[in-house]
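Residue numbers (full-length UniProt numbering): 1 to 94.
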């Protein structure tokens, strides 16, 4: 049986939630010497950007303008964190 470890996510209003992951998963996804909390944060950012990108660029019908601006900012934050655009990282561009 695999044990789990818990990461706590805290929001800007002070609310929090816990994320339970199997022990070893974060280490398996980390680059050598990378801090586990950094791995969790980077995967969270990647997931948010993937989802916002999909909503804005691959949804059927009209996309509200605020979502386009939100996605653009998310992709900018991705580039600041990873040093490459979302398109470069995923091989997917428009």
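Even for Gly, the Cβ is constructed at its ideal location relative to N, Cα and C.
Bear in mind the structure is a predicted one, so any value in this text is a computation, not a measurement.
- Using 8 Å as the threshold, is the region 46-64 in touch with the region 75-94, meaning 3 or more CB pairs across them? yes
- Task: Report the three-state DSSP secondary structure of residue 85 (helix, strand or coil).
- Result: coil
- Message: Run through the DSSP bridge pairs and tell me what residue 60 is partnered with.
- Response: The partner list for residue 60 (beta bridge, DSSP) is empty, contrary to what the question assumes.
- Specify the secondary structure class of residue 31 as computed by DSSP and reduced to three states. coil
- Helix, strand or coil for residue 15 per DSSP? coil
- Grab me the residues of residue 19's own chain with a C-beta within less than 8 Å of its C-beta, minus the 5 sequence neighbours each way, in chain order. 6, 7, 8, 9, 40
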